[in-house]
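When we follow the working numbering, the leftmost residue of the sequence shown carries the number 25, and every step to the right adds one. All C-beta atoms, glycine included, are put in the ideal place defined by N, C-alpha and C. Inspection log for the structure reproduced underneath, given as structure tokens.
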Amino acid sequence: MKLLIVGGGGREHALAWKLRQSSQVEAIFCAPGNAGTAELGENIPLLPNDSRGLVRFAKENQIGLTVVGPDDPLAAGLVDEFQKKSLRIFGPAKAAARLEGSKVFAKQLMRCAGVPTPMAGVFDDSRKACRFAGKLHYPVVIKADGLAAGKGVVIAPDAASAVEAISDMIDRRRFGEAGARVLIEEFLEGWECSLHVLVAGEKYQLLGTACDHKRLQDGNRGPNTGGMGAYSPALACDADLEKQFHEKIMRPLLHGLREEEIHFSGLLFPGLMISNGIARVLEFNCRFGDPETQVILPRLKGDLLPLLEATIDGRMDELKIELDERLAVTVVMASAGYPGQIEVGKKISGLDACAQMKNVHIFHAGTRRENGDVFSSGGRVLAVTALGNTIATARDLAYEAVGKIDFEGCHYRRDIALAAVAANVEATDAASRPQR
Ligand code: AMP
Ligand code: GLY
25 MKLLIVGGGG
35 REHALAWKLR
45 QSSQVEAIFC
55 APGNAGTAEL
65 GENIPLLPND
75 SRGLVRFAKE
85 NQIGLTVVGP
95 DDPLAAGLVD
105 EFQKKSLRIF
115 GPAKAAARLE
125 GSKVFAKQLM
135 RCAGVPTPMA
145 GVFDDSRKAC
155 RFAGKLHYPV
165 VIKADGLAAG
175 KGVVIAPDAA
185 SAVEAISDMI
195 DRRRFGEAGA
205 RVLIEEFLEG
215 WECSLHVLVA
225 GEKYQLLGTA
235 CDHKRLQDGN
245 RGPNTGGMGA
255 YSPALACDAD
265 LEKQFHEKIM
275 RPLLHGLREE
285 EIHFSGLLFP
295 GLMISNGIAR
305 VLEFNCRFGD
315 PETQVILPRL
325 KGDLLPLLEA
335 TIDGRMDELK
345 IELDERLAVT
355 VVMASAGYPG
365 QIEVGKKISG
375 LDACAQMKNV
385 HIFHAGTRRE
395 NGDVFSSGGR
405 VLAVTALGNT
415 IATARDLAYE
425 AVGKIDFEGC
435 HYRRDIALAA
445 VAANVEATDA
455 ASRPQR
């Protein structure tokens, strides 16, 4: 079978890498791909929002399955366009992708379905929004309703920054119409956990869990980014959480979708905050996470393709999902200026040295190849993943690989998975302490 992967980031490289291992896959095309996906197949110069071009390409090249990476083509209805032409595609249709495309819609659905989620108000008037924010405890969370490339969430530590963020979104339209409406939400402390769930209507199976690091700087400081690193499985995910996941989140949510006559097919990725043992949903994504995919797929045993196929066909009962016992850590290496104005076109060194390392996978994001050399071409440039028997060994190995790679202006967080290592040490110490 020939596959088409839509997108060109680290997530798409990880998807292409995993799917290339399937015995049923004869060729992989990536639109537009990057220097990493070019090693596994053919990059084609089509952008993810070019639905006409993608449909035409899939028809003309007898593509057996298209897998969509990013959120915007899903929200714009790419899946619907493929289905109209009877082309097979993995991902939710436009109506279901609203769960990610509108945070207000997701919040309303969660409220009706009784899914635990932080308290929030919805506003399109900046003065009313500021007044509401003033009644909450700081920090408060300000969220643009629509898609904003992962940057539409601001955690405002005080009134002045809340007013600034609200005016920026509503009055100055920093994110265009995506910020015309905002949510003002209570801030929750706790452990974050990203779930990756294969969903077909009311049936689902958990693919894996991960923990992302959204903020730019060490110690969770600085602006939110698309994600600066991740580890899998998420430490916070124990048996009790799994019970909450089924009973409090997935079942009521999928029931709520059915009440709205919305059929979800594809990967649902709820972002949770676990505070004092209670899981609440911060947001829904309707696609694989980036960089979560770069830690979940290296742990997935066996073939990914049949899992995607069974999800499309609603054959969830047949799914056998087995994960490697080992843990995975990925560290994102970014261009100077990211997540703001970035500098690109920098030559990357050290990739060959890393390719020799066992249990290390280098996933390309914003990269392109020219005359045999690899250059940076985007904000997030590489995701460097390592597997280990403990979170500490996986982390050490990932940073050992990162240490071999360089490009001008490159920066990365030094504390990816560090809190998990510390929590693990604490848990192990507590377990080995004599009981009194
Ligand atoms: P979202 O896109 O809604 O997941 O938000 C991006 C990031 O902002 C999350 O991964 C959290 O780190 C943070 N965040 C969002 N909502 C909240 C909240 N209510 N309380 C604390 N942190 C939040
Ligand atoms: N890493 C978070 C996301 O993919 O939205």
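- Using a Cβ-Cβ distance cut-off of 8 Å, the segment 217-234 and the segment 295-304 are in contact, since at least three pairs of beta carbons, one from each stretch, lie closer than that value.
- Distances from the CA of D96 to each of E84, V426, I429 and A120 were compared; the closest alpha carbon is that of A120.
- In the three-state DSSP reduction, E210 falls in the strand class (E or B).
- Residues whose Cβ lies closer than 5 Å to any heavy atom of ligand 1, listed in chain order: P142, V165, V177, E209, F211, L212, K238, G295, L306 and E307.
- Note that the C-beta distance between F211 and P276 is not below 9 Å.
- Look at V49 here: in three-state DSSP terms it is coil, with no helix or strand label.
- Distances from the alpha-carbon of P94 to those of G57, I87 and K108 put G57 closest.
- When the five nearest sequence neighbours on each side are left out, the beta carbons in the same chain lying within less than 6 Å of the beta carbon of G313 are those of S218 and F293, in order along the chain.
- By the C-beta density criterion, C136 is exposed, having fewer than 16 other C-beta atoms within 10 angstroms.
- The C-beta separation of R112 from G77 comes to about 18 Å, leaving the pair out of contact by the 8 Å criterion.
- Boundaries for E285: no alpha helix (DSSP H) harbours it, and the DSSP string shows neither H nor E there.
- A distance of 9 Å or more separates the beta carbons of A153 and G203.
- By the Cβ criterion, the segment 222-235 is in contact with the segment 276-292, since at least three pairs of Cβ atoms, one from each stretch, lie closer than 8 Å.
- In this structure, DSSP gives V445 a helical state, which the three-state scheme calls helix.
- Secondary structure of A202 (DSSP, three-state): helix.
- Counted as a single uninterrupted DSSP element, the stretch harbouring R122 is not any beta strand (DSSP E) but the alpha helix (DSSP H) occupying residues K118 to G125.
- In this structure, ligand 2 has a non-hydrogen atom nearer than 8 Å to the beta-carbon of A254.
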